[in-house]
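First up is the structure itself, then whatever we jot down about it.
Right under this line is the structure:
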């Protein structure tokens, strides 16, 4: 299934918008994907961290405070 030209144009427009809309949560179905997505975003200069059921709050809370100033 491929996107229509209108859908492709809309996706391109969204990709070119600034990424300063605040914290965002991206849900993925597996723990492995949390790491993959976080690395992908980080590689593109977006502050990102993986969080899943195996990540301790002791690890994630200091990161959130530092990166997102919460």
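In the working numbering, the protein residues as written are 407 to 476.
Just so you know, even glycine gets a beta-carbon here, dropped at the ideal spot from N, CA and C.
First through last residue of the alpha helix (DSSP H) which encompasses residue i
i	result
residue 450	Per DSSP, residue 450 belongs to no alpha helix (DSSP H) and is neither H nor E.
Beta-carbon proximity check, residue i vs residue j, cutoff 8 Å
i	j	result
residue 458	residue 442	no
For residue i, three-class secondary structure by DSSP
i	result
residue 444	helix
residue 411	helix
residue 423	coil
residue 438	helix
Chain-order list of residues whose beta-carbon lies under 7 Å from that of residue i (same chain, five-residue window excluded)
i	result
residue 460	437
residue 428	none
residue 448	454
residue 434	440, 443
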